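Okay, so here's the structure we're looking at.
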Amino acid sequence: MSSQITLVHRTCYRYDRPVTMGPQTVRLRPMTDCRTPVLSYTLKVEPAGGILGWGQDNNGNETASIHFKEKVTHFNVEVSLVADMTAYDPLRLTSEEVPAQQGDDPACRHQPELGEEATGFINGLLAGLPDDPAQKFIRLNEAIARRVRYERRMEPGVLSAEDVLARNCGSCRDSAWLMVLLARHMGYTARFVSGYLVQSLYGPGEEEVLNGDLHAWAQILIPGHGWLGFDTTSGRLAGEGHIPLAVAAEPEGAAPISGLLDRCESCFDVSMQVQRLFS
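Here the sequence shown is numbered in my numbering, starting from 848 and rising by one per residue.
Following this line, the structure appears as structure tokens:
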């Protein structure tokens, strides 16, 4: 079976009247240090006639800036890529990979003031966590996945650590942000990640079904491992199915699409198709 997959991700916005759009920032290109090889990539935008330019933001993410001179009634973004999903051990890096994944953004080291709920949660775990940093956060990641039940939350924004733990549930971005805050509280450098998650599932007849979705997880800078990814929804390390698109000290800095437009009524639709390439 081929390890290569194709992913097509479409985001479509519709407006109730022609609107003027400010520059739109699209953070939907896999990062250069993504450990899952991305063999090809294209980005298409509608309506035709938009001005598209590539650059880097303050977090080092490759971003597309899109501007329309005329008013628009819709805005579509389509990503198409081919990736090699060969499995790898997240805990093992080559000597070339470790230096490429270092970073020292002060904002990712800022230690937050935690409330009573979050302080009680982390203090209750610290005594039982291993001394080895990687194993310490593997255990913390598992504890968050057990405590925080996943829910698909469509409201914008990210819940605070206190709200997530008080509710005992949250979206992937909510639990990922909780992990980032707890890691910083413990003195580690940590950042928020937005990306694609591709999973291989099996139906009733044992046929394979590939599922893709936008996802969020945490990365923690650990000596000897570089930026190690932790998926707080599953409680597992980020692996070949995690394709990071953007990282930031704060979740809003990793938003897939952001920008201003006229006040209007709008709706949007997101779809993603993933297929395996057979040789």
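The C-beta atom is built at its ideal place from N, Cα and C for all residues, glycine as well.
Owing to the predicted nature of the structure, the values given are computational and were not obtained by experimental measurement.
Within 7 Å, strictly: CB atoms of residue i and residue j
| i | j | result |
| --- | --- | --- |
| THR933 | ARG874 | no |
| VAL1110 | ILE852 | Before going further, note that residue 1110 is Arg rather than Val in the sequence given. Contact: no. |
| VAL1045 | GLY1088 | yes |
| GLU1009 | ALA965 | yes |
| GLY869 | GLY1071 | no |
| ARG861 | CYS1114 | yes |
| SER912 | GLY900 | yes |
| CYS859 | ASN923 | yes |
| PRO953 | ILE1069 | no |
| PHE1039 | PRO1098 | yes |
| SER850 | PHE1125 | no |
Residue closest to residue i, alpha-carbon to alpha-carbon, out of the options
| i | options | result |
| --- | --- | --- |
| VAL1027 | PRO977, GLU960 and TYR997 | GLU960 |
| ALA1095 | MET878, ILE852, VAL855 and GLN851 | MET878 |
| ALA895 | VAL919, THR872 and TRP901 | VAL919 |
| VAL926 | GLU1097, GLY1059 and CYS1114 | GLY1059 |
| PHE984 | THR1079, GLU917, TYR1043 and PRO1051 | THR1079 |
| HIS1032 | HIS914, ARG956 and LYS891 | ARG956 |
| PHE915 | VAL892, ALA930 and VAL929 | VAL892 |
| ARG993 | MET1001, HIS921, LEU976 and CYS1016 | CYS1016 |
For residue i, the three-state DSSP class (helix, strand or coil)
| i | result |
| --- | --- |
| THR872 | strand |
| ASN923 | strand |
| ALA947 | Caution is warranted here: a pLDDT of 45 is assigned to ALA947, below 50, making its placement in the model unreliable, and the coordinate value is therefore given only provisionally. Reduced to three states, the DSSP call for ALA947 is helix. |
| PHE915 | coil |
| MET1119 | strand |
| CYS1019 | helix |
| GLY1004 | coil |
| CYS1114 | strand |
| ASN988 | helix |
Distance between beta carbons of residue j and residue i, contact taken as under 8 Å
| i | j | result |
| --- | --- | --- |
| ILE1134 | ALA1101 | Outside the modelled stretch of the chain, which goes from 848 to 1126, sits residue 1134, for which no answer is possible. |
| LEU1092 | ARG876 | 7 Å |
| VAL1011 | VAL995 | 6 Å |
| PRO937 | LEU1075 | 7 Å |
| TYR1035 | LEU854 | That belief does not hold up - the Cβ atoms of TYR1035 and LEU854 are roughly 31 Å apart, past 8 Å. |
| PHE1077 | ALA1065 | 5 Å |
| GLU989 | GLY902 | Contact flag wrong, Cβ pair sits at about 38 Å. |
| GLY1086 | TYR935 | 7 Å |
| ILE1090 | THR883 | 5 Å |
| THR867 | LEU1108 | 7 Å |
Taking contact to mean at least 3 C-beta pairs separated by less than 8 Å, is the stretch 1010-1026 in contact with the stretch 1051-1059?
-> Flag = no, the stretch 1010-1026 and the stretch 1051-1059 do not touch.
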